[in-house]
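Here's the structure, in structure tokens; my notes come after.
Residue numbers (the numbering used here): 72 to 552.
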């Protein structure tokens with residue numbers, strides 16, 4: 072361990088001792104606890120929400136560009152657009168697993184703002200590409216810079232809330248995906264009218280304007296992104312003590328700068344719960360990415376104009392937003408995850424069954440698209456919260472969030488090849504693939520639940536640990552089923 076590492080570790084230990092010594096101070100009243108929760112919500116979530124709106128918007132706006140003449144202008148055809156979609160995920164997956172270690176070393180506000188600035192610059196440059204090679208290059212670097220945003224944000228959020236508070240916050244953050252997907256259609260519809268302005272096509276203006284906006288968000292992120300509770304200067308000592316106590320980390324504080332050793336990594340990958348968690352997330356990302364990228368294309372096959380296509384891409388996401396928020400509220404109230412996750416799976420399977428079995432009935436097919444959107448997008452935040460809040464401490468959560476999201480985003484490579492041009496307009500192979508993945512996801516969630524049940528039983532029968540107490544931090548946190 073370097074001198075710097077030792078100093079950081081000693082500083083974190085000193086902070087912990089100071090907080091422990093303040094335990095005899097007057098505790099927060101219930102009203103103060105409620106105010107603190109609202110204070111954390113308003114300081115932590117809005118900036119992270121805005122960051123991922125821009126990240127997902129920059130990632131998925133190529134779907135709108137494809138319907139606005141990009142393929143013709145760049146001379147790309149066949150599976151080349153699908154390859155361009157998939158190449159984003161190669162660096163995204165590789166760098167994602169290491170991103171949380173960088174976040175811990177650099178602090179969240181520094182690391183996240185650098186990532187945002189990077190992909191904002193790349194997005195701006197994408198508006199000036201002249202050939203297919205340029206598109207592949209910008210998509211590659213876009214994936215590299217975006218890799219740190221999603222796992223880093225969930226990792227950070229997980230340290231601010233106890234398990235019974237987390238689902239609503241995780242879902243609010245994840246709805247940034249829905250807002251970005253819906254907003255991209257509205258934005259593309261408006262920007263499509265800029266065709267020819269400055270001698271540039273409308274699809275170029277999508278990349279240029281969104282790139283500029285992203286760079287502005289990066290500047291704001293440097294000043295407004297919150298760090299870990301131990302580092303938050305806007306908290307009083309009593310408030311900081313309360314947050315660390317309720318999240319179960321006061322009694323077993325790990326310095327946020329501690330490195331992950333090979334022994335930690337070996338123990339992590341030997342545990343089957345991490346592979347079930349990653350597979351659950353993979354099964355949710357395949358339909359999410361498939362429909363994020365191809366909803367405009369699919370809607371266009373229903374016979375709508377280009378502008379109508381962008382506008383009709385919005386309602387499925389509005390319906391998904393409603394389902395996400397209702398399920399998040401109920402999941403926190405009941406401290407349950409599995410039933411709502413299975414309900415999302417049923418919605419997804421029902422929508423896919425409609426799309427596979429019907430053609431030519433536009434209203435029925437559009438209803439199927441809405442069901443798919445509701446099921447796929449509502450499942451992902453449930454999976455993320457259920458898995459991450461069952462992990463304990465900086466090491467577990469840094470590895471767990473990065474591993475789950477890295478494996479899950481392999482779905483981003485699979486999804487672009489689910490809907491190929493030669494399969495239009497019925498897209499049976501794509502719908503069938505998403506259906507198979509949805510069923511696998513429901514089975515995997517049930518398997519993960521069995522692991523949870525077994526661990527609850529072991530913890531209850533372990534005489535040395537006795538009753539599991541989340542506040543005491545006596546072991547892995549296990550959600551109720």
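For glycine and all other residues, C-beta sits at the position ideal for the given N, C-alpha and C.
Residue range of the alpha helix (DSSP H) that includes residue i
| i | result |
| --- | --- |
| residue 385 | Careful: residue 385 lies outside any alpha helix (DSSP H) and carries neither H nor E. |
| residue 335 | 333–341 |
| residue 168 | 160–177 |
| residue 137 | 133–137 |
| residue 444 | 433–459 |
| residue 304 | Taken as a continuous stretch (DSSP letters only), residue 304 belongs to no alpha helix (DSSP H), as it is neither H nor E. |
| residue 216 | 203–217 |
| residue 142 | 141–145 |
Pair within 9 Å by beta-carbon distance, residue i and residue j
| i | j | result |
| --- | --- | --- |
| residue 411 | residue 398 | yes |
| residue 298 | residue 470 | no |
| residue 226 | residue 174 | yes |
| residue 203 | residue 146 | yes |
| residue 444 | residue 391 | yes |
| residue 561 | residue 125 | Missing from the structure shown is residue 561; the chain here goes from 72 to 552 and no further. |
| residue 450 | residue 501 | no |
| residue 446 | residue 417 | yes |
| residue 574 | residue 257 | Residue 574 lies beyond the range of the chain shown here (72 to 552); nothing can be said about it. |
| residue 593 | residue 364 | Nothing about residue 593 can be reported from this structure: the residues present for the chain run from 72 to 552 only. |
| residue 442 | residue 517 | no |
| residue 515 | residue 350 | yes |
| residue 127 | residue 247 | yes |
| residue 223 | residue 360 | no |
| residue 181 | residue 293 | yes |
| residue 244 | residue 448 | no |
| residue 567 | residue 384 | Outside the displayed span of the chain (72 to 552) sits residue 567, for which this structure offers no information. |
| residue 455 | residue 347 | no |
| residue 159 | residue 211 | yes |
| residue 484 | residue 193 | no |
| residue 296 | residue 183 | yes |
| residue 144 | residue 263 | no |
Three-way DSSP call (helix, strand, coil) for residue i in this model
| i | result |
| --- | --- |
| residue 95 | Note that residue 95 has pLDDT 47, beneath the 50 cutoff, so the model's placement of it is unreliable and the number below is only indicative. It is helical. |
| residue 532 | helix |
| residue 231 | coil |
| residue 182 | helix |
| residue 489 | coil |
| residue 430 | coil |
| residue 398 | helix |
| residue 191 | helix |
| residue 327 | Note that residue 327 scores 49 on pLDDT, short of 50, meaning its location in the model is unreliable; the coordinates nonetheless yield the value given after this. Coil at residue 327, not helix or strand. |
| residue 296 | coil |
| residue 411 | helix |
| residue 480 | coil |
| residue 462 | coil |
| residue 468 | helix |
| residue 543 | With a pLDDT of 40 at residue 543, under the threshold of 50, the predicted position of this residue should be treated as unreliable, though the coordinate-derived value follows. Coil. |
| residue 496 | coil |
| residue 406 | coil |
| residue 241 | helix |
| residue 150 | coil |
| residue 317 | helix |
| residue 356 | helix |
| residue 253 | helix |
Candidates the options, of which the one nearest residue i by Cα
| i | options | result |
| --- | --- | --- |
| residue 99 | 471, 309, 509 | 309 |
| residue 195 | 369, 282, 150 | 282 |
| residue 423 | 386, 169, 357 | 357 |
| residue 118 | 290, 500, 102 | 290 |
| residue 110 | 311, 178, 383 | 311 |
| residue 396 | 307, 242, 199, 304 | 242 |
| residue 403 | 457, 161, 347 | 457 |
| residue 315 | 230, 492, 338 | 230 |
| residue 287 | 101, 473, 121 | 121 |
| residue 179 | 273, 302, 103 | 302 |
| residue 129 | 274, 405, 333, 490 | 274 |
| residue 191 | 171, 201, 177, 220 | 220 |
Short CB-CB distance (under 9 Å) between residue i and chain D
| i | result |
| --- | --- |
| residue 351 | Going by chain labels, chain D is absent from the structure shown, which holds only one protein chain. |
message: With three or more C-beta pairs closer than 8 Å as the rule, is the region 261–269 touching the region 424–433?
response: Cβ pair count under 8 Å is below three, so no.
- request: For the region 152–165 and the region 244–252, state whether three or more C-beta atom pairs, one from each stretch, are separated by less than 8 Å.
  value: Taking one beta carbon from each stretch, the region 152–165 and the region 244–252 have fewer than 3 pairs nearer than 8 Å; the two do not touch.
- prompt: Do three or more CB pairs link the region 445–462 to the region 128–144 at distances below 8 Å?
  reply: Fewer than three Cβ pairs drawn from the region 445–462 and the region 128–144 lie within less than 8 Å of each other, which leaves the two stretches out of contact.
- prompt: Using 8 Å as the Cβ pair cut-off and three pairs as the minimum, do the region 201–215 and the region 157–176 touch?
  reply: Cβ pair count under 8 Å is three or more, so yes.
Contact between the region 432–439 and the region 272–279 (3+ Cβ pairs under 8 Å): Short answer: they don't touch.
message: Is it the case that the region 175–189 contacts the region 500–515, given that we only count it when at least three CB pairs across the two stretches are under 8 Å?
response: Pairwise C-beta distances place the region 500–515 out of contact with the region 175–189, as fewer than three of them are shorter than 8 Å.
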